[in-house]
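> Chains as they are written, first to last, in my numbering: chain D, 15 to 498; chain X, 543 to 661; chain W, 249 to 660.
Encoded as structure tokens, here's the structure I'll be asking about.
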């Protein structure tokens, strides 16, 4: 038996990492158990990257409350954690009388929810906001924003680690037992962890952990959404996310969203897949993306395709109402010291820190926590060469000549950034890990130029053999060995 | 009498050559842009030959491999035998283009030479 | 800021040939900027032979071919900056490069764009399926294998019959991998016939035409693909799906000229070539900015890249001498059989070489270049296929007016 922890967080997504970071404000021995080889590998890394406003859900839901709280504070969060973000606003556009009625309903909800600054605007006002966006009328939601989910989750995790939390990757929880003293014994493929508290932030697998902890056995009814990423050249033509009017069932069809890095996301499509997890892109949905995406974004063009991806969202249906269940932060008397977060999907990214604070409150309700006086909320990211002006670039090269070597031509990422990414405080060594930390290979050539350099550097900097280099997961080996 | 269609590999033109032949005797040839095409077909009928390129390990250079090729065509059936010989080679930088790595490889009247200046 | 007569962006075959030819024509103040540590561009990894037959009358490997130009450039003492990546180019010809010694800015009188091309990716094609490791573009696999001593896999499926894919099929076979099949969506091969012969047929690697990969399977490393026959509409024919296991999928599905810097400088691109619109001097629509080689249009033979870059040098020299080239107002238009053509505009004052590709295999063809009723040039091509660039010279004395020139291809 190894170290005993005060709190084990299961799941290194955005919520788990936010929980670890908020808990690290106190004198607690914390660790995060993550089954994948990096943070942000599940729901957190497969979404639209939106800072939601709170208009999409009804008032009095935990979802809406957390979302609005998270939205309002994000300037401060972004500056503390060095996470690029833009409050670009968002448009929900409509055409014709039928849609107008539906959109007005949504607008009323926005007013009820007290979403700051929302406005019903007409065609001309839409055009003055962005001439590339079309619509007879629209709800303008100025508080919505965009951010990179990877950067944000990595930032939270790094800040947690800098403040004393530990991360264990490749640690999948297989069982939880409780001893007479009330301690949890968590079994993983990497050994047992003993802890006083457990927080379930397992995202897609939260229903399973929930059962292990003695909470309700939920049956997921997951939603799959496919996306297309467009070239930054398309990004020049879109200044803010554009949603269509919700359809008759209240769901949003394919929308288009600029990313904080300048690309455009088209999607998601919506498909209910029950208990499955399925990350395969399908021709059927690619066709839907093209058809519906072109309606939202007239510049949609095959020449702009960079990559497709799939998100799977951990939706659970309320057995009584048959509606989607609200965010759940559960504790129960029969399982004290367990906090159970289930049904955390959209707007989970926006709500991560508010949810984390509520988890802390649950802990505080049962024991007094002593502040970690060394806690530093400030985390610095890798300084990006591409973001600097000429003087800034010059200064960086002077400080470190590795900034003078471009490794990824599409995203203008230098050797210095790749090197820093490989020596990240979380100890992640996959090629995708470098990609999400630097954007190397995220551009239009998809690593055609830089991937040989990245894999070479993994060998040089981390002393790995060719066969040991992984794209993103165990088993996702890159090479079979040497030629000679 | 037999007939066969060849795609000449002598030059990038890649002529499609229709041939009629009896044993190793060529009766007619059409489709070739130059005389080399006839030579190619004749050779293909009696003893098809190819040249190959590969790489060998090199120490002391910026990159771990040095490129090599054959100076002369070899019988097609001997390609993998020659590859085995090439696979045994280890070079030390510096090397330069044209340097012979294996003289008369497998006795086939073809040398393995370096095709890249390294180190 | 440094000042230069000519800055050449890219030290591959086009850039090197342009530099040497400029020097021969008396231009001294030249700087080649190359992002790799060595000159030679893509030829560094093209270790197969077959280069140089047209240019040198000899069949050489890629590194040998490029070394001949590198040697010339060295002998002529042309200045070269390697390990330096141009990150910006303005329309008034200021080049910004990232180097270990700092950010370099150069004001050039003329710019030569010779950045080459990149490969079309899985993402650009939106191939359905999962996203496992083990999917490589052919050129990337070539770089891993030939430069970095890295074997990408053992059981290989190749999608696309482009030349690099064919070359890699042979290369991987020689190095002990098993290449199971090549699938080409078109009803004819994309690569040159000689490569089909010596890279596939020689090693009994089957080529399936009118077939496409419609699904990729594998949660971690790729485990297999589903392939289907496609109809004339390029859509999979239901019921023809077949599964193949593999540990590696190599894509050879086309090259795209790398024109991000050209766009930054305001150069207009031709949607057909994905390269610049140029005149007979290879000048783009930004005065003083010239382009040749694969950045202009994708070539199948490096010999033609070198020749094109040498022809460009003449235009650059003229520009440097008089700060302009003769106005090129005669537009060149093509019929529907032609995929693209270079140049797109001429002056009518100079002889020039026309480069074009047909859209589909057409067999024996007659190509007619005309201006109204006047036939400027008529030439026979014995076997026109899209894989082979067609080139012929056009004499200026046959161009009678400023009327547009039309190029048509007729099957014979």
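Glycine included, C-beta positions come from ideal geometry on N, C-alpha and C.
None of these values were measured; they are calculated from a predicted model.
(1) Less than 8 Å between the CB atoms is what I'm expecting for residue 270 (chain W) and residue 564 (chain W), so what's the real figure, rounded?
(2) Could you tell me which of X:565, X:608, X:648, X:603 sits nearest to residue 310 (chain W), measuring between CA atoms?
(3) Give the DSSP bridge partners of residue 562 (chain X), in chain order.
(4) Can you name the residues of chain D whose CB is closer than 8 Å to the CB of residue 393 (chain W)?
(5) Taking residue 214 (chain D) as the reference, which of D:228, D:205, D:251 has the closest Cα?
(6) Figure out for me which residue from D:129, D:131, D:130, D:146 has the closest Cα to the Cα of residue 137 (chain D).
(7) In chain order, what residues of the same chain have a beta carbon less than 6 Å from the beta carbon of residue 403 (chain W), not counting five sequence neighbours either side?
(8) Check whether the Cβ atoms of residue 453 (chain W) and residue 382 (chain W) lie closer than 8 Å to each other.
(9) Which stretch, first to last residue, makes up the beta strand (DSSP E) that contains residue 189 (chain D)?
(10) Does the contact criterion of 3 or more C-beta pairs under 8 Å hold for the stretch 253-267 of chain W versus the stretch 279-291 of chain W?
(11) Got a sec: which bits of the stretch 501-526 of chain W sit with their beta carbon under 9 Å from any beta carbon on chain D, in order along the chain?
(12) Would you mind working out which of D:389, D:391, D:374 sits nearest residue 383 (chain D), comparing C-alpha positions?
(13) Taking residue 461 (chain D) as the reference, give the member of W:561, W:388, W:320 with the closest Cα.
(14) Classify residue 485 (chain W) as buried or exposed, calling it buried when 16 or more other Cβ atoms lie within 10 Å of its own Cβ.
(15) Closer than 8 Å, CB to CB, is residue 402 (chain W) near chain D or not?
(16) Between residue 320 (chain W) and residue 275 (chain D), what straight-line distance do the alpha-carbon atoms span, to the nearest angstrom?
(17) Below 6 Å CB to CB, which residues in the same chain sit around residue 457 (chain D) once its five sequence neighbours on both sides are set aside?
(18) State the beta-bridge partners of residue 327 (chain W) as determined by DSSP.
(19) Counting only beta-carbon atoms, is residue 419 (chain D) nearer than 8 Å to chain W?
(20) Any beta carbon of chain X sitting closer than 8 Å to that of residue 397 (chain W)?
(21) Where does residue 482 (chain W) fall in DSSP's three states?
(22) Is the shortest distance between the beta-carbon of residue 310 (chain D) and the beta-carbons of chain W less than 8 Å?
(23) Run down chain W in chain order and give the residues with a C-beta less than 7 Å from the C-beta of residue 485 (chain D).
(24) Label residue 550 (chain X) either buried or exposed according to how many other C-beta atoms from any shown protein chain fall within 10 Å of its C-beta, with 16 as the threshold for buried.
(25) By DSSP, does residue 260 (chain W) sit in helix, in strand, or in coil?
(26) What does DSSP give as the partner residue(s) for residue 611 (chain X) in the beta ladder?
(27) Against residue 339 (chain W), what residues of chain D qualify as contacts under a CB-to-CB distance less than 7 Å, listed in chain order?
(28) In angstroms, rounded to a whole number, what distance separates the CA positions of residue 278 (chain D) and residue 449 (chain D)?
(29) Tell me the DSSP secondary structure of residue 215 (chain D) in three-state form.
(30) Along the chain, where does the alpha helix (DSSP H) containing residue 378 (chain D) start, and where does it finish?
(31) Our contact map puts residue 660 (chain W) next to residue 612 (chain W) with C-beta atoms below 8 Å; I'd like the distance itself, whole angstroms only.
(32) Once DSSP output is grouped into helix, strand and coil, what is the label at residue 137 (chain D)?
(33) Give the DSSP-derived three-state secondary structure of residue 423 (chain D) in the structure shown.
(34) For residue 627 (chain X), does the three-state DSSP call read helix, strand or coil?
(35) Mind checking residue 45 (chain D): buried by the 16 CB within 10 Å criterion, or exposed?
(36) Using the beta-carbon count (16 or more within 10 Å), is residue 241 (chain D) buried or exposed?
With the structure as the only source:
(1) Start at 1 with the first residue of the third chain, and residue 270 (chain W) comes out as number 22. Start at 1 with the first residue of the third chain, and residue 564 (chain W) comes out as number 316. With a Cβ gap of about 6 Å, residue 270 (chain W) and residue 564 (chain W) count as contacting.
(2) Residue mapping note: residue 310 (chain W) aligns to position 62 of the third chain, counting from 1. With distances taken between Cα atoms, residue 310 (chain W) lies closest to X:608.
(3) Counting from 1 along the second chain, the entry for residue 562 (chain X) is found at position 20. Answer is X:545, X:570, bridged to residue 562 (chain X).
(4) The sequence position of residue 393 (chain W) within the third chain is 145, counting from 1. Simply 497.
(5) On the first chain, residue 214 (chain D) is found 200 positions in, with the first residue counted as 1. Among D:228, D:205, D:251, the Cα nearest to that of residue 214 (chain D) belongs to D:228.
(6) Residue numbering aside, residue 137 (chain D) sits at position 123 when the first chain is read from its first letter. That would be D:146, whose Cα lies nearest to the Cα of residue 137 (chain D).
(7) The count along the third chain starts at 1 and reaches residue 403 (chain W) at position 155. Hits under 6 Å: 426, 494, 495.
(8) Translated into positions along the third chain, residue 453 (chain W) becomes position 205. Translated into positions along the third chain, residue 382 (chain W) becomes position 134. Going by C-beta atoms, residue 453 (chain W) is not nearer than 8 Å to residue 382 (chain W).
(9) Mapped onto the first chain, residue 189 (chain D) falls at position 175. Residue 189 (chain D) -> beta strand (DSSP E) spans 187-192.
(10) Because the criterion of three Cβ pairs below 8 Å is met, the stretch 253-267 of chain W and the stretch 279-291 of chain W touch.
(11) For the stretch 501-526 of chain W, the residues whose beta carbon sits under 9 Å from a beta carbon of chain D are, in order, 504, 506, 508, 511, 519, 522.
(12) Within the first chain, the letter at position 369 stands for residue 383 (chain D). Looking from the CA of residue 383 (chain D), the closest CA among D:389, D:391, D:374 belongs to D:374.
(13) Taking the first chain and counting its residues from 1, the one referred to as residue 461 (chain D) is at position 447. When W:561, W:388, W:320 are compared, the shortest CA-CA separation from residue 461 (chain D) is found for W:388.
(14) Position 237 of the third chain, counting from 1, holds the residue named residue 485 (chain W). The residue is exposed, with fewer than 16 neighbouring Cβ atoms inside 10 Å.
(15) In the third chain, the residue the question calls residue 402 (chain W) occupies position 154. Taking Cβ atoms only, chain D reaches closer than 8 Å to residue 402 (chain W), which makes this a yes.
(16) Numbered from its first residue, the third chain carries residue 320 (chain W) at position 72. Numbered from its first residue, the first chain carries residue 275 (chain D) at position 261. Straight-line Cα distance between these residues: approximately 43 Å.
(17) Start at 1 with the first residue of the first chain, and residue 457 (chain D) comes out as number 443. So the qualifying residues of the chain are 424, 425.
(18) In the third chain, the residue the question calls residue 327 (chain W) occupies position 79. Paired residues: W:279.
(19) Walking along the first chain from the start, residue 419 (chain D) turns up at place 405. True, the Cβ-Cβ gap to chain W drops below 8 Å.
(20) Locating residue 397 (chain W) in the third chain gives position 149, where the first residue counts as 1. Residue 397 (chain W) counts as touching chain X.
(21) Here residue 482 (chain W) refers to the residue found at position 234 of the third chain. Annotated three-state conformation of residue 482 (chain W) is coil, per DSSP.
(22) Counting from one through the first chain, the residue named residue 310 (chain D) turns up at place 296. By this cut-off, residue 310 (chain D) is not an interface position.
(23) To locate residue 485 (chain D), count along the first chain from 1; it is residue 471. The contacting residues are 381.
(24) On the second chain, position 8 is the one that residue 550 (chain X) refers to. Burial check for residue 550 (chain X): the Cβ neighbour count within 10 Å reaches 16 or more, so the residue is buried.
(25) Reading the third chain from its first residue, position 12 is the one you call residue 260 (chain W). Coil, per DSSP.
(26) Working through the second chain from its first residue, we reach residue 611 (chain X) at position 69. Paired residue(s): X:595, X:655.
(27) The residue you call residue 339 (chain W) lines up with position 91 of the third chain. In chain order: nothing, as chain D lies at least about 17 Å away.
(28) Numbered from 1 along the first chain, position 264 holds the residue referred to as residue 278 (chain D). Numbered from 1 along the first chain, position 435 holds the residue referred to as residue 449 (chain D). Cα atoms of residue 278 (chain D) and residue 449 (chain D): separation of roughly 18 Å, rounded to the nearest angstrom.
(29) Along the first chain, read from residue 1 onward, the residue named residue 215 (chain D) stands at position 201. Under the three-state reduction of DSSP output, residue 215 (chain D) falls in the coil class, being neither helix nor strand.
(30) The residue you call residue 378 (chain D) lines up with position 364 of the first chain. Annotation: the continuous alpha helix (DSSP H) that includes residue 378 (chain D) extends over 362-378.
(31) The residue given as residue 660 (chain W) occupies position 412 in the third chain. The residue given as residue 612 (chain W) occupies position 364 in the third chain. A Cβ-Cβ separation of about 4 Å places residue 660 (chain W) in contact with residue 612 (chain W) under the 8 Å criterion.
(32) For the purposes of this step, residue 137 (chain D) is identified with residue 123 of the first chain, where counting begins at 1. Reduced to three states, the DSSP call for residue 137 (chain D) is helix.
(33) One-based indexing of the first chain puts residue 423 (chain D) at position 409. It is coil, neither helix nor strand.
(34) Translated into positions along the second chain, residue 627 (chain X) becomes position 85. The three-state reading of DSSP puts residue 627 (chain X) in helix, counting H, G and I together.
(35) Residue numbering aside, residue 45 (chain D) sits at position 31 when the first chain is read from its first letter. Under this definition residue 45 (chain D) is a buried residue.
(36) Counting from 1 along the first chain, the entry for residue 241 (chain D) is found at position 227. Looking at its Cβ environment, which holds 16 or more other Cβ atoms inside 10 Å, residue 241 (chain D) is buried.
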